[in-house]
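Peer 1:
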Amino acid sequence: MQAKLTNPYQALKPISDPDMFFGPALTVQQMYSALAVNESVSLVGLRHSGKTTLLRCMTHPALQSRLGYDLNRHFFVYIDMRSWLRKSSDDFFDVVSEAIISASRGHLALSLPPKIGGDRFIAILEQVKDQDFHTVLQLDAFDDITRNQAFDPEFFMFLRAQASAGLVSYVTASIAPLNQICHPAIQGSPFFNIFGIYRIKPLAPYEARELVMIPSRLANCPFTEEEADWILKLSGRHPFFIQRVCYHLFEEKSLHREVNKRRAAKQAYDELFPHFEYLWNETNPEQHTLLMEEAQRKGVLERQIPELSESSLFRKFVRDICQLKFAHLDRNELIEELRTLVKHLDKPEFLGNSKLRHLKLVATRLQYKDTPSTFEKGIAVREVLYEALEKMRGPGMRVDFAHAWRSYNVLHYTYFKKIHANQSQIASRVGVSYRHYHRVKDEAIETLTDRLIEMEAACNLEDEE
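Numbering of the sequence shown is given in numbering that gives the first Met the number 0, commencing with residue 0 and proceeding in unit increments.
1. Let me know if Y169 comes out buried or exposed under the rule of 16 or more other beta-carbons within 10 Å of its beta-carbon.
2. Pull up the distance between the alpha-carbon of S234 and that of F275, whole angstroms please.
3. Between the alpha carbons of Y407 and M291, how many angstroms are there, rounded?
4. When you compare only the Cα positions, how much space is there between R338 and Y385?
5. Since V40 is in the alpha helix (DSSP H), which residue starts that stretch and which ends it?
6. Threshold first: 4 residues or longer. Then list the alpha helix (DSSP H) segments lying entirely within the stretch 227–269, N to C.
7. Would DSSP call T58 helix, strand or coil?
8. Let me check understanding here. Comparing Cα to Cα, which of A263, H237, F240, R236 lies closest to F249?
9. Beta-carbon within less than 8 Å of N147's beta-carbon, same chain only, minus the 5 sequence neighbours each way: which residues are those?
10. Count the other CB atoms, across all protein chains shown, that sit within 10 Å of the CB of D16; report buried if there are 16 or more and exposed otherwise.
11. By a C-beta neighbour count over all protein chains shown, 10 Å radius and 16 as the cutoff for buried, is Y433 buried or exposed?
12. Quick check: what's the CA-CA separation for D319 versus R198?
13. Straight-line CA distance for V102 to E251?
14. Since F74 is in the beta strand (DSSP E), which residue starts that stretch and which ends it?
15. Looking at C-alpha atoms only, which residue of N6, S427, E455 is the closest neighbour of A218?
16. For the alpha helix (DSSP H) holding L138, just list the boundary residues, first then last.
17. How many angstroms separate the CA atom of I174 from the CA atom of F92?
18. Do you know whose CA, among R314, P238, E225, Q303, lies nearest Y268's CA?
19. If distances are taken between C-alpha atoms only, which option among A387, S88, L45, F349 comes closest to K376?
20. In chain order, what residues of the same chain have a beta carbon less than 6 Å from the beta carbon of Q28, not counting five sequence neighbours either side?
21. With a Cβ-Cβ cutoff of 8 Å, do T448 and L344 count as a contact?
22. Terminal residues of the continuous alpha helix (DSSP H) containing S163?
23. Which residues in the same chain have their Cβ closer than 8 Å to the Cβ of P214, if we skip the five residues on either side of it in sequence?
24. Who are S406's beta bridge partners in DSSP?
25. Assign E309 to one of two classes, buried (16 or more other C-beta atoms within 10 Å of its C-beta) or exposed (fewer than that).
26. With distances taken Cα to Cα, identify the nearest neighbour of L289 among A164, P112, P371, A33.
27. Leaving out five residues before and five after N331 in sequence, what residues of the same chain have Cβ atoms less than 7 Å from its Cβ?
28. Mapping the DSSP letters down to three states, classify T171 as helix, strand or coil.
29. Please tell me whether P312 and F240 are closer than 8 Å, where the distance is taken between their beta carbons.
30. Within the chosen definition, does the stretch 184–195 reach the stretch 26–41 through at least 3 CB pairs nearer than 8 Å?
31. Residues in its own chain within less than 8 Å of L138 by CB, not counting five upstream and five downstream?
32. Report the rounded CA-to-CA distance for R405 versus S423, giving the unit in angstroms.
33. Using a Cβ-Cβ cutoff of less than 8 Å, which residues in the same chain neighbour Q286 once the five nearest sequence positions on both sides are dropped?
34. Can you tell me the Cα-Cα spacing of L202 and E455, whole angstroms?
35. Where do the ends of the alpha helix (DSSP H) carrying F349 lie?
36. Mind checking whether F272 and F316 have CB atoms under 8 Å apart?
In structure tokens form, the structure reads like this:
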């Protein structure tokens with residue numbers, strides 16, 4: 000029996016091999032350009048966006064050469080600052096000084112000075128400079144430092160002074176700009192002004208496709224173009240999402256059985272769910288609103304938060320946790336919602352703020368509008384309600400007194416085609432007593448609700464495939 004192939008999509012740990020780095024190349028080039036003139040840079044990106052992979056790979060001469068840069072006189076030192084919320088500035092200088100000495104072995108002739116703290120740090124930086132190298136400190140998860148109140152304004156002024164003196168450049172990685180995730184005592188610190196801010200964006204389309212195609216080809220189990228399209232639909236251009244979808248599809252293919260994409264998609268979704276949950280909690284209420292709107296839209300050329308909402312799996316997650324899927328909402332709540340909405344069919348702004356704006360039926364009518372307004376959403380909601388009413392039509396020609404047309408006629412005359420008649424006159428027109436008119440109207444609204452639920456269940460958007 001043929002041995003099982005080794006799955007190359009092992010992205011649960013950061014990647015250090017520059018040959019497996021597929022981007023974002025533009026961000027790296029911009030950072031190289033700043034470092035070439037000894038500036039400091041702040042790399043910003045959500046969890047699993049590839050910050051650590053970028054920091055580790057950018058130190059390799061092969062990647063520098065590939066992107067047209069030569070930083071052979073820059074001395075890169077990587078330090079992971081995770082779990083530093085309880086450490087002190089003394090810890091920082093001790094750890095960083097030792098890390099520089101350790102990284103220098105085999106490259107530079109550095110010695111550990113007899114000094115302590117900041118003085119030792121400066122002395123080591125001067126040794127590097129004396130040998131015609133420039134120190135680049137890569138400080139991963141640096142937001143753990145800026146949020147730690149043990150690091151006071153004097154500490155950050157000290158770091159700034161060393162950069163201003165040309166002794167060091169800092170490359171920090173954080174989930175948000177440093178001045179937005181710092182403790183109150185250092186808000187407004189001049190330290191934050193020395194950084195150029197570079198946000199990790201989604202991979203370019205060609206980078207995302209290379210990440211899909213190249214590892215599978217090298218592992219002797221190549222994905223087809225059709226499979227690549229399917230992967231990128233589920234993952235978008237987020238490198239971690241791509242890796243996890245690729246992992247599960249590769250497992251399907253390497254087992255030499257009929258590939259079950261639905262099973263691979265479910266496995267990827269289940270694995271990514273806690274990561275999606277974390278990312279959702281890291282975004283703000285305004286972004287939540289955008290993500291909820293985009294969770295119901297397909298086929299758009301541009302999305303407001305593409306690193307997340309380009310992924311159909313992430314959009315499914317948003318629909319699931321926010322209960323945007325209409326069929327999952329409580330039927331009684333929907334009945335009450337419709338009781339109110341049918342009274343305001345002439346007010347698109349009112350309809351556009353209702354729960355019905357989350358219908359997939361509404362989303363299909365807005366799919367080619369990049370940022371639909373509340374008015375446009377309301378028009379789409381009204382169109383859906385009229386379509387649902389049409390599904391309540393009885394057989395043959397409409398007759399006011401026909402029992403099979405009663406529910407349709409009550410809603411038609413009362414709300415959808417308002418006529419100059421009071422409720423008693425409408426009741427008489429449709430052949431019911433005024434005493435029973437309200438009961439018939441309530442039953443009609445319940446039927447309208449059921450038609451909506453049926454329509455929504457039948458609305459098979461591509462995201463559900």
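For each residue, glycine too, the CB sits at the ideal point set by N, CA and C.
No experiment lies behind these values; they were computed from the predicted model shown.
Peer 2: This is what the structure holds:
1. Here Y169 is buried. Its C-beta has 16 or more other C-beta atoms within 10 Å.
2. C-alpha of S234 to C-alpha of F275: approximately 12 Å in a straight line.
3. Inter-residue distance for Y407 and M291 is about 33 Å (C-alpha atoms, whole angstroms).
4. Taking the straight line from one Cα to the other gives about 15 Å.
5. Careful: V40 lies outside any alpha helix (DSSP H), inside the beta strand (DSSP E) at 39–43.
6. Runs of the alpha helix (DSSP H) spanning 4 or more residues and lying entirely within the stretch 227–269 occur at 238–253, in chain order.
7. Looking at T58 - three-state DSSP - the assignment turns out to be coil, as it is neither helix nor strand.
8. Looking at the Cα atoms, A263 is the closest of the given residues.
9. Within the same chain, N147 has close Cβ partners W83, L84, R85, K86, H182.
10. So D16 counts as exposed.
11. Under this definition Y433 is an exposed residue.
12. So the alpha carbons of these two residues sit roughly 28 Å apart.
13. Going by the sequence as given, residue 102 is Ala instead of Val. In this structure, the alpha-carbon of A102 lies about 41 Å from that of E251.
14. Taken as a continuous stretch (DSSP letters only), the beta strand (DSSP E) holding F74 covers 73–79.
15. Relative to A218, the option among N6, S427, E455 whose CA is nearest is N6.
16. Where L138 is concerned, there is no enclosing alpha helix (DSSP H), although the beta strand (DSSP E) it sits in stretches over 133–139.
17. Taking the Cα positions, I174 is about 23 Å away from F92.
18. Closest by alpha carbon: R314.
19. Closest by C-alpha distance to K376, out of A387, S88, L45, F349, is F349.
20. So the list reads L66, once near-sequence residues are dropped.
21. Not in contact: T448 and L344 (Cβ atoms no closer than 8 Å).
22. In the DSSP annotation of this structure, the continuous segment of the alpha helix (DSSP H) that includes S163 starts and ends at 152–163.
23. Hits under 8 Å: P7, Y8, M19, C245.
24. None, per the DSSP bridge assignment.
25. Around the C-beta of E309, 16 or more other C-beta atoms lie within 10 Å, and the residue is accordingly described as buried.
26. Nearest of A164, P112, P371, A33 to L289, Cα basis: P371.
27. Correct list: empty, nothing qualifies.
28. Per DSSP, reduced to three states, the secondary structure at T171 is strand.
29. Checking the sequence, you will find Leu at residue 312 rather than Pro. Their beta carbons are under 8 Å apart, which means L312 touches F240 by this criterion.
30. Look at the beta carbons and you see the stretch 184–195 touching the stretch 26–41: at least three pairs across the two are nearer than 8 Å.
31. So the list reads I78, M80, I144, Y169, V170, T171, A172, once near-sequence residues are dropped.
32. Distance between the alpha carbons of R405 and S423 is about 15 Å.
33. Here the set comprises I304.
34. Answer to the nearest angstrom: the Cα atoms are 34 Å apart.
35. Element bounds for F349: 347–351.
36. Yes, the Cβ-Cβ distance between F272 and F316 is below 8 Å.
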